[in-house]
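Reviewing the structure listed below.
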DNA sequence: TCTCACCCTCAGACTTTTCTCAGTTTTTCC
DNA sequence: GGAAAAACTGAGAAAAGTCTGAGGGTGAGA
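Chains as they are written, first to last, in the numbering used here: chain A, 30 to 270; chain B, 30 to 270.
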């Protein structure tokens, strides 16, 4: 689950946000003071930071600056909570400022939406399908197994991509030909067997007893859904919303 | 200056936004219909897209999806303009959704702030492209290899610039023709081969076994992302947020 | 205006890799 | 045990990539 650090001096608002965001499935770590906020983040390594601009003991912008100068924290998105719209210029104007901001009072759903936008960019940018130690990168057309590159032909790649993008779903040879070879194909469905074989020889540790690509006798083939990594499960649950 | 494409069916609002954003120093290209919006973006190559969700002839989300599937447009940030807060779930929930959204009615300064957030972080990313000992300067249109100047033709330069600006991404010949030669081209895709060849002869130490420009059989060509300098990697990791 | 140099584009030869099928062996299920 | 489905093999056909040379166009300078 995604972890969020929340710095907000108003105890009531802190509790309210904590309650609602945890209900949304986020892990929350709260603090009421700006002092030690950077250290808190270094300790917790959150996926996102929610930061009140006006804190009694320090300026939220200074905290943000402190976060940005730490190489291990610099990439973490920061969303500011601000009381006045007039402050937005200050927040946005800074070179290493906010990734987003939200003006109080706000609806929880509004905040949740903005948090999700920050998390989404990370997933869309990668465009990588993962299953156990197998990684398929759609933009660079590369496949890696246990971290080392695998050389697939174009058809092998497209077939694997199709199967991996819908783990657990069983496709008939007919459907695979349609999806991978195209509708105007003039290819025997035995050809699919050959490609499944080639793929297995390349990606399965023991091609004789395949784990990744499952044969479903009488129906077709499917990619083993049990091999999804936890983040992949997260993501698809996330997308389902 | 940054160029923005704005799709908004309300003529008054379109004019108002155009006026105010141009006053802020942006270059604006407006359209009142969703039809042809993707083509408009391909032609204009904006730095940001403002998109009304509700258009009379099409759904803003469909347009966004159309933008995201084009590799040469996929990285462009999209901000949605929406009439109702209740629509935000739809906008945010989609896998290929918005980078931000703003609910009507809004203050211009609010919109400007959100636009600037999108641009921040990209600022440094453009002047000079580097990969190993190869340097491409976009402003002076010069290319240097191992410190010594290289003489490229205009087309060679544009092709190299395009490939280097998105290292690791595989582009088909079709996409390269679109991006480098333009949409109204009347050129065989074999021509791309010739230019790849010429480039390799100029930039590769051993053109027979190219390192910089990778052939991806069955898909196209890509610039080797492993040649990115470390600062470049940092930056793109940052931009991915 | 003419000439020359340079650039763009294409056709086609050549090379390498991939695709596909036919046929054989193995496995699975009734 | 037998039939059907899947797994596997090798080889010819097809496709994709590389590379060359020539024709045509354009712009700069004589």
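A virtual CB, placed ideally from N, CA and C, is assigned to each residue, including glycine.
Fill in: Under the three-state DSSP convention, the category residue 141 of chain B falls into
Indexing the second chain from 1 puts residue 141 of chain B at position 112. Three-state DSSP puts residue 141 of chain B in a helix.
Discussion item. Please identify the residue among B:61, B:148, B:31 and B:52 whose C-alpha is closest to the C-alpha of residue 40 of chain B.
Written reply: Here residue 40 of chain B refers to the residue found at position 11 when the second chain is read from its first residue. It is B:61 whose Cα lies nearest to the Cα of residue 40 of chain B.
Item to complete: Put residue 39 of chain B into one of helix, strand or coil per three-state DSSP.
Response: Along the second chain, one-based indexing puts residue 39 of chain B at 10. Here residue 39 of chain B sits in coil by DSSP.
Item to complete: Let me know the alpha helix (DSSP H) ranges lying completely inside the region 212-259 of chain A, each 4 residues or longer, listed in chain order.
Response: 219-232
Fill in: Rounded straight-line distance, which links the Cα of residue 205 of chain A to that of residue 235 of chain A
Along the first chain, one-based indexing puts residue 235 of chain A at 206. Along the first chain, one-based indexing puts residue 205 of chain A at 176. Cα to Cα, residue 235 of chain A sits roughly 24 Å from residue 205 of chain A.
Worksheet item: Beta-carbon of residue 33 of chain A versus every beta-carbon of chain B: anything under 8 Å?
Response: Taking the first residue of the first chain as 1, we reach residue 33 of chain A at position 4. No, no contact with chain B.
Worksheet item: Counting Cβ pairs closer than 8 Å, one from the region 217-233 of chain B and one from the region 181-189 of chain B, do we hit at least three?
Response: yes
Practice prompt. Output, in chain order, the set of chain B residues within a Cβ distance shorter than 7 Å of residue 149 of chain A.
Written response: Along the first chain, read from residue 1 onward, the residue named residue 149 of chain A stands at position 120. Correct list: 126.
Fill in: Identity of the residues DSSP links to residue 157 of chain B by a beta bridge
Taking the second chain and counting its residues from 1, the one referred to as residue 157 of chain B is at position 128. For residue 157 of chain B, which the question treats as bridged, DSSP gives the partners B:166.
Fill in: Where residue 181 of chain B falls: helix, strand or coil (DSSP)
As a position in the second chain, residue 181 of chain B is number 152, starting the count at 1. Coil at residue 181 of chain B, not helix or strand.
Discussion item. Could you give the first and the last residue of the continuous alpha helix (DSSP H) run that contains residue 205 of chain B?
Written reply: Position 176 of the second chain, counted from the first residue, corresponds to residue 205 of chain B. From DSSP, the alpha helix (DSSP H) with residue 205 of chain B extends over 202-205.
Worksheet item: In chain A, which residues lie with their C-beta within 9 Å of the C-beta of residue 197 of chain B?
Response: In the second chain, counting from the first residue as 1, residue 197 of chain B sits at position 168. Under a criterion of Cβ atoms nearer than 9 Å, the residues of chain A adjacent to residue 197 of chain B are, in order, 166, 168, 169 and 171.
Item to complete: Give the straight-line distance between the Cα atoms of residue 35 of chain B and residue 115 of chain B, rounded to the nearest whole angstrom.
Response: Counted from its first residue, the second chain places residue 35 of chain B at position 6. Counted from its first residue, the second chain places residue 115 of chain B at position 86. One C-alpha to the other measures close to 22 Å.
Discussion item. Just verifying my parser: in three-state terms, what is the DSSP assignment at residue 133 of chain A?
Written reply: In the first chain, counting from the first residue as 1, residue 133 of chain A sits at position 104. Coil, per DSSP.
Worksheet entry | Cα-Cα separation between residue 111 of chain B and residue 72 of chain B, rounded to whole angstroms | Here residue 111 of chain B refers to the residue found at position 82 when the second chain is read from its first residue. Here residue 72 of chain B refers to the residue found at position 43 when the second chain is read from its first residue. Near 25 Å, if we compare the C-alpha coordinates of residue 72 of chain B and residue 111 of chain B.
Worksheet item: Just how far apart, CA to CA, sit residue 43 of chain A and residue 37 of chain A?
Response: As a working note, residue 43 of chain A is residue 14 in the first chain. As a working note, residue 37 of chain A is residue 8 in the first chain. About 6 Å.
Worksheet item: Which residue from B:189, B:58 and B:64 puts its Cα closest to that of residue 88 of chain B?
Response: Within the second chain, residue 88 of chain B is the residue found at index 59, counting from 1. Cα-wise, what sits closest to residue 88 of chain B is B:64.
Practice prompt. Just the chain B side, please: which residues come within less than 7 Å of residue 183 of chain A by C-beta, in chain order?
Written response: Indexing the first chain from 1 puts residue 183 of chain A at position 154. Near residue 183 of chain A (Cβ distances below 7 Å), the residues of chain B are 246, 247 and 248.
Worksheet item: Can you tell me the Cα-Cα spacing of residue 155 of chain A and residue 165 of chain A, whole angstroms?
Response: Position 126 of the first chain holds residue 155 of chain A. Position 136 of the first chain holds residue 165 of chain A. Confidence is the limiting factor: at residue 155 of chain A the pLDDT is only 45, short of 50, which leaves the residue's position unreliable, though a coordinate-based value still follows. The alpha-carbon atoms of residue 155 of chain A and residue 165 of chain A are separated by roughly 10 Å.
Practice prompt. Measuring only between beta-carbons, confirm whether residue 142 of chain A sits less than 8 Å from chain B.
Written response: In the first chain, residue 142 of chain A corresponds to position 113, counting from 1. Look at residue 142 of chain A: its C-beta is under 8 Å from a C-beta on chain B.
Discussion item. Excluding the 5 residues flanking residue 84 of chain A on each side, which residues of the same chain have their C-beta closer than 6 Å to its C-beta?
Written reply: The sequence position of residue 84 of chain A within the first chain is 55, counting from 1. These residues qualify, in order along the chain: 38 and 63.
Worksheet item: What are the start and end residues of the alpha helix (DSSP H) that includes residue 95 of chain A?
Response: One-based indexing of the first chain puts residue 95 of chain A at position 66. Unbroken alpha helix (DSSP H) run through residue 95 of chain A: 89-98.
Practice prompt. Just tell me which of B:138, B:228 and B:253 has its CA closest to the CA of residue 52 of chain B.
Written response: Stepping through the second chain from its first residue, residue 52 of chain B is reached at position 23. Among B:138, B:228 and B:253, the Cα nearest to that of residue 52 of chain B belongs to B:138.
Discussion item. Pull the bridge partners of residue 173 of chain B from the DSSP assignment, please.
Written reply: The count along the second chain starts at 1 and reaches residue 173 of chain B at position 144. Answer by DSSP bridge pairing, in chain order: B:164 and B:178.
Discussion item. Can you check whether the C-beta of residue 136 of chain B is within less than 8 Å of a C-beta belonging to chain A?
Written reply: Residue numbering aside, residue 136 of chain B sits at position 107 when the second chain is read from its first letter. At least one chain A Cβ lies under 8 Å of residue 136 of chain B.
Discussion item. Please report the straight-line C-alpha distance between residue 147 of chain B and residue 106 of chain B, rounded to a whole angstrom.
Written reply: Within the second chain, the letter at position 118 stands for residue 147 of chain B. Within the second chain, the letter at position 77 stands for residue 106 of chain B. One C-alpha to the other measures close to 7 Å.
Item to complete: Assuming residue 203 of chain A contacts residue 167 of chain A (C-beta within less than 8 Å), just tell me the rounded distance between them.
Response: Counting from one through the first chain, the residue named residue 203 of chain A turns up at place 174. Counting from one through the first chain, the residue named residue 167 of chain A turns up at place 138. About 24 Å separates the two Cβ atoms, so there is no contact after all.
Item to complete: Reducing DSSP to helix, strand and coil, say where residue 60 of chain A ends up.
Response: Numbered from its first residue, the first chain carries residue 60 of chain A at position 31. Residue 60 of chain A falls in the strand class under three-state DSSP.
Discussion item. Does the CB of residue 254 of chain B have a neighbour CB from chain A at under 8 Å?
Written reply: Locating residue 254 of chain B in the second chain gives position 225, counting from the first residue. Yes, contact with chain A.
Practice prompt. Counting only the same chain and skipping the five closest in sequence on each side, list residues whose C-beta sits under 8 Å from that of residue 201 of chain A.
Written response: For the purposes of this step, residue 201 of chain A is taken as the residue at position 172 of the first chain. For residue 201 of chain A, where only same-chain residues beyond five positions count, the Cβ hits under 8 Å are 248 and 249.
Practice prompt. On a CA-only basis, which of A:78, A:54, A:67 and A:209 is nearest residue 131 of chain A? Give me that one, please.
Written response: As a working mapping, residue 131 of chain A is identified with position 102 in the first chain. Ranking A:78, A:54, A:67 and A:209 by Cα distance to residue 131 of chain A puts A:78 first.
Discussion item. Taking its Cβ as the centre, do 16 or more other Cβ atoms sit within 10 Å of residue 135 of chain B, making it buried, or is it exposed?
Written reply: Within the second chain, residue 135 of chain B is the residue found at index 106, counting from 1. The residue in question, residue 135 of chain B, is exposed, as its Cβ has fewer than 16 Cβ neighbours within 10 Å.
Fill in: Helix, strand or coil at residue 186 of chain B according to DSSP, with G and I counted as helix
Taking the second chain and counting its residues from 1, one reaches residue 186 of chain B at position 157. In the structure shown, residue 186 of chain B sits in a helix (DSSP, three-state: H, G or I).
Discussion item. If distances are taken between C-alpha atoms only, which option among A:245, A:170 and A:174 comes closest to residue 188 of chain A?
Written reply: Here residue 188 of chain A corresponds to residue number 159 of the first chain, with the count starting at 1. Looking at the Cα atoms, A:170 is the closest of the given residues.
Discussion item. So, at 7 Å on beta carbons, what are the nonlocal neighbours of residue 75 of chain B in its own chain, with the 5 sequence-adjacent residues on each side left out?
Written reply: For the purposes of this step, residue 75 of chain B is identified with residue 46 of the second chain, where counting begins at 1. Excluding residues within five positions, the ones whose Cβ falls inside 7 Å are 32, 33, 34, 58 and 105.
Worksheet item: Could one say the Cβ of residue 235 of chain A lies closer than 8 Å to chain B's Cβ atoms, at least one of them?
Response: Residue mapping note: residue 235 of chain A aligns to position 206 of the first chain, counting from 1. False, the Cβ-Cβ gap to chain B never drops below 8 Å.
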